[in-house]
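Enquirer:
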Amino acid sequence: MVEDKHTSGKAGRGMFADKAGKPLPLAMQYDYTNFYFGSGNDPFDMLGPFDEWWKDAEPAGYYLYGLPMQGEPGTRVDIRNTKTGKIHKNLLNFASYNYLGLSYRPEVKEAVVKAVEIYGNGASGSPILSGSMEVHVELSEQLARFKNKEAVLLFPTGYSVNVGVIAGLMRSGDLIVADQYAHASLVDGMILSKATSRFFRHNKVEDLERKLKKFTGKKLVLVEGVYSMDGDVAVLPDIVDVCKRYGARILIDEAHSTFIYGQNGRGVAEHFGLEDEIDLHVGTFSKSLGGQGGFLAGSQQLINYLRGFSRSRFFSCGLSPVVTAGILKALEIFEEEPQLREGLWSNVIYMQKLLREAGVPIGQSESQVIPILIQDDARIFEIGEELLRQGIYLNPVQYPAVPKHKSRFRMSISSTHSRQELSEGAKIISKVLERYGICPSQPDTITSKRG
Ligand SMILES: Cc1ncc(COP(=O)(O)O)c(C=O)c1O
């Protein structure tokens, strides 16, 4: 086990206990934050101490992430537990962002296969050089039409949209104010821009106002449509009101709300009738459309400018034409089948009701993103493994994705889950959480253990 002298933390052996007073295993007395800063002159100085801790933490099952899935991200999946080597079969999958089941639709697969015959695999160049193909142009045009905006810029990932757009627009001496729960890609964009960065308390417009009021100069406000770790929605009408009063531009990241919210699925901005009040509309292809990549939609002038200043786009290879063709087909299906979205909403309402009735703590979620609040950083991996054994695949989320002591499972509901799968899932989850004292006593409905 690591010695204290190696780390910035003060943890000694056996010092910490979990909420129930049980002493924490040694591996759990440290976390990644203990290995961030260290003395010495070699950038590799932290590798040794980290490795010593990791040798304890990994086999103990802490940070049990990235468990390989054996097939497509459907509602039932086979998952390899990297700690035990065992493949857990036919688990109920509540971990994938495939909200509309579009990643594996046969028509999407067919479009992907056709595109690979035409274009091969990669774009083999930056989108401003040789990496733009006809399929990229077609997707940009279709998206601009769908989003009802003059133009769209495609990026290789949703992450790179935020980094490239924010740093492409804002400079040292400007002010960026983000909701405190803003995604890491928004935060990294703030850092890269070198603008003065501030955060306002989650959805608290009075705090946003305080931060905007004090500043004279260029101002940009960053919010999400649906918050990725809590599933609640931005209080957009109030945010727009404050931003207008103080002359701030607004970027909305609709990674989890495009194709879900609004009458036509254009997102939370459409839902509130505020699309024209928002200056920068960000979306991803990695969630509802089941692909990869992201986009910015806005005015033609904005897109023309950022095409030349979004370094995360033009210093990176273009989106794979194969994936692009799959996204194009997914968009077409989405527009032809409103029942996908209707099915998702009906599932969300059903599942939220089941979980709330069983006393599962799901916070303020209003959407298909449902946090299951464990708030015990020490035991969440143990609970996650028990869920695997009982037939459920859910991912633990810990610091830095959420604040310390706010650990949770991040559940995703899909339109493709059947009612039977949802009720089975809710029963197993509440029963497992009951054993850990997180849920009240449940009716005894689970009989068999899965392997
Ligand atoms: C709000 C938000 N923005 C951006 C991203 C990054 O998107 P991508 O995974 O497509 O890079 C995510 C990813 O989860 C997200 O939740």
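Counting from 19, one number per residue, gives the positions in the sequence shown under my numbering.
No residue lacks a Cβ here, since even glycine has one placed at the ideal position from N, Cα and C.
These figures come from a predicted structure and were not determined experimentally.
Going by DSSP in three states, T465 sits in which element: helix, strand or coil?
Expert: The sequence position of residue 465 within the sequence shown is 447, counting from 1. Confidence at T465 is low in this model, with a pLDDT of 43, below 50, so its placement is unreliable and no value can be given for it.
Enquirer: State yes or no: is the C-beta of S433 within less than 8 Å of the C-beta of R331?
Expert: As a working mapping, residue 433 is identified with position 415 in the sequence shown. As a working mapping, residue 331 is identified with position 313 in the sequence shown. Cβ distance not < 8 Å, so S433 and R331 don't count as in contact.
Enquirer: Given a threshold of 16 other Cβ atoms within 10 Å of its Cβ, counted over all protein chains shown, does D395 qualify as buried or as exposed?
Expert: The residue given as residue 395 occupies position 377 in the sequence shown. Buried is the call here.
Enquirer: Grab me the residues of K347's own chain with a C-beta within less than 6 Å of its C-beta, minus the 5 sequence neighbours each way, in chain order.
Expert: The count along the sequence shown starts at 1 and reaches residue 347 at position 329. Around K347: E125, V126, A129.
Enquirer: Locate the alpha helix (DSSP H) running through F68, then write down its first and last residues.
Expert: As a first step, residue 68 is located in the sequence shown; it is residue number 50 there, counting from the start. Looking at the DSSP string, the run of the alpha helix (DSSP H) that includes F68 is 65-75.
Enquirer: Less than 7 Å between the CB of D192 and some heavy atom of ligand 1, yes or no?
Expert: Translated into positions along the sequence shown, residue 192 becomes position 174. No.
Enquirer: Would V450 and I401 be called neighbours here (beta carbons separated by less than 8 Å)?
Expert: By 1-based counting over the sequence shown, the position of residue 450 is 432. By 1-based counting over the sequence shown, the position of residue 401 is 383. A contact, by the Cβ cut-off of 8 Å.
Enquirer: Quick check on E159: buried or exposed, where buried means 16 or more other Cβ atoms within 10 Å of its Cβ?
Expert: Numbered from its first residue, the sequence shown carries residue 159 at position 141. Exposed, since its Cβ has fewer than 16 Cβ neighbours within 10 Å.
Enquirer: Run through the region 205-261 for me and flag every whole beta strand (DSSP E) of 3 or more residues, listed as ranges in chain order.
Expert: The region 205-261 contains these whole beta strand (DSSP E) runs: 214-218, 237-242.
Enquirer: Spell out a yes or no on whether the region 303-321 and the region 94-107 are touching, meaning 3 or more CB-CB pairs, one atom from each, closer than 8 Å.
Expert: Output reads no: the region 94-107 does not touch the region 303-321.
Enquirer: Could you have a look at A35 and say whether DSSP puts it in helix, strand or coil?
Expert: The residue labelled residue 35 in the question sits at position 17 within the sequence shown. Correct three-state label for A35: strand.
Enquirer: By DSSP, does L109 sit in helix, in strand, or in coil?
Expert: Within the sequence shown, residue 109 is the residue found at index 91, counting from 1. Here L109 sits in strand by DSSP.
Enquirer: In angstroms, rounded to a whole number, what distance separates the CA positions of P461 and G381?
Expert: Sequence index remark: in the sequence shown, residue 461 carries index 443 (1-based). Sequence index remark: in the sequence shown, residue 381 carries index 363 (1-based). Rounded to whole angstroms, P461 to G381 spans 23 Å at the Cα level.
Enquirer: Report buried or exposed for T465, applying the criterion of at least 16 other Cβ atoms within 10 angstroms of its Cβ.
Expert: Sequence index remark: in the sequence shown, residue 465 carries index 447 (1-based). For T465, the pLDDT reaches just 43, beneath the cut-off of 50, and the residue's location in the model is therefore unreliable, leaving the point undetermined.
Enquirer: Residues bridged to V366 by DSSP?
Expert: In the sequence shown, counting from the first residue as 1, residue 366 sits at position 348. The partner list for V366 (beta bridge, DSSP) is empty, contrary to what the question assumes.
Enquirer: Alpha carbon to alpha carbon, how far is G58 from L65?
Expert: Counting from one through the sequence shown, the residue named residue 58 turns up at place 40. Counting from one through the sequence shown, the residue named residue 65 turns up at place 47. Taking the straight line joining both Cα atoms gives about 12 Å.
Enquirer: Per DSSP, which one or two residues make a beta bridge with K51?
Expert: Sequence index remark: in the sequence shown, residue 51 carries index 33 (1-based). According to the sequence shown, residue 51 is Thr rather than Lys. Answer by DSSP bridge pairing: none, since T51 is not bridged.
Enquirer: Provide the residue(s) that pair with G312 in DSSP beta bridges, ordered along the chain.
Expert: For the purposes of this step, residue 312 is taken as the residue at position 294 of the sequence shown. According to DSSP, which records beta bridges pairwise, G312 is partnered with F173, T302.
Enquirer: Does DSSP put Y122 in a helix, a strand or coil?
Expert: As a first step, residue 122 is located in the sequence shown; it is residue number 104 there, counting from the start. Note: Y122 maps to helix in three-state DSSP.
Enquirer: Using a Cβ-based criterion (distance less than 7 Å to any ligand heavy atom), does Y177 qualify as near ligand 1?
Expert: Stepping through the sequence shown from its first residue, residue 177 is reached at position 159. Y177: yes, Cβ under 7 Å from ligand 1.
Enquirer: Please state if the CB of D297 and the CB of I257 are separated by a distance shorter than 8 Å.
Expert: Along the sequence shown, read from residue 1 onward, the residue named residue 257 stands at position 239. Along the sequence shown, read from residue 1 onward, the residue named residue 297 stands at position 279. Taking 8 Å as the Cβ cut-off, I257 and D297 do not qualify as a contacting pair.
Enquirer: According to DSSP, is S459 helix, strand or coil?
Expert: In the sequence shown, the residue the question calls residue 459 occupies position 441. Looking at S459 - three-state DSSP - the assignment turns out to be coil, as it is neither helix nor strand.
Enquirer: Given a threshold of 16 other Cβ atoms within 10 Å of its Cβ, counted over all protein chains shown, does L120 qualify as buried or as exposed?
Expert: As a position in the sequence shown, residue 120 is number 102, starting the count at 1. With 16 or more other Cβ atoms within 10 Å, it is buried.
Enquirer: What is the rounded straight-line gap between the Cα of I446 and the Cα of R359?
Expert: Residue numbering aside, residue 446 sits at position 428 when the sequence shown is read from its first letter. Residue numbering aside, residue 359 sits at position 341 when the sequence shown is read from its first letter. Cα-Cα distance, rounded: 26 Å.
Enquirer: When the Cα of M247 is compared with those of K232, P174, F277, A113, which residue comes out closest?
Expert: Numbered from its first residue, the sequence shown carries residue 247 at position 229. Minimum Cα distance to M247 is reached at A113.
Enquirer: Count the other CB atoms within 10 Å of the CB of A202; is the residue buried (16 or more) or exposed (fewer)?
Expert: If you number the sequence shown from 1, residue 202 lands on position 184. A202 comes out exposed.
Enquirer: If you reduce the DSSP assignment to three classes, tell me which class M188 lands in.
Expert: For the purposes of this step, residue 188 is taken as residue 170 along the sequence shown, with counting starting at 1. Coil.
Enquirer: Tell me V195's beta-bridge partners as DSSP assigns them.
Expert: Reading the sequence shown from its first residue, position 177 is the one you call residue 195. DSSP, once it has assigned bridges, lists R216, V239 as partnering V195.
Enquirer: Is the separation between the beta-carbon of G336 and that of G149 shorter than 8 Å?
Expert: One-based indexing of the sequence shown puts residue 336 at position 318. One-based indexing of the sequence shown puts residue 149 at position 131. In this structure, G149 lies closer than 8 Å to G336 by Cβ.
Enquirer: Run through DSSP, which three-state label would M151 get?
Expert: Residue 151 sits at position 133 when you count from the first residue of the sequence shown. Of the three classes helix, strand and coil, the one that applies to M151 here is coil, per DSSP.
Enquirer: Throw me the rounded Cβ distance for the F399 and G79 pair, which I believe falls under 8 Å.
Expert: By 1-based counting over the sequence shown, the position of residue 399 is 381. By 1-based counting over the sequence shown, the position of residue 79 is 61. Yes, F399 and G79 are in contact; Cβ-Cβ is about 5 Å, under 8 Å.
Enquirer: Verify the contact flag: E242, CB atom, against every heavy atom of ligand 1, threshold strictly below 7 Å.
Expert: One-based indexing of the sequence shown puts residue 242 at position 224. Because some heavy atom of ligand 1 lies under 7 Å away, the Cβ of E242 counts as near it: yes.
Enquirer: Taking DSSP's pairing of strands, which residues face I380 in a bridge?
Expert: As a first step, residue 380 must be located in the sequence shown, where it is residue number 362. DSSP, once it has assigned bridges, lists no residue as partnering I380.
Enquirer: Identify the continuous alpha helix (DSSP H) that holds S330 and give its terminal residues.
Expert: As a position in the sequence shown, residue 330 is number 312, starting the count at 1. 329-332 is the span of the alpha helix (DSSP H), which, as asked, contains S330.
Enquirer: At a cut of 8 Å, does the region 160-171 reach the region 206-221 through at least three beta carbon pairs?
Expert: Result no; under three Cβ-Cβ pairs closer than 8 Å.
Enquirer: Short of 6 Å in beta carbon distance, which residues of its chain neighbour G377, apart from the five on each side in sequence? Order them along the chain.
Expert: As a working mapping, residue 377 is identified with position 359 in the sequence shown. So the qualifying residues of the chain are C457, P458.
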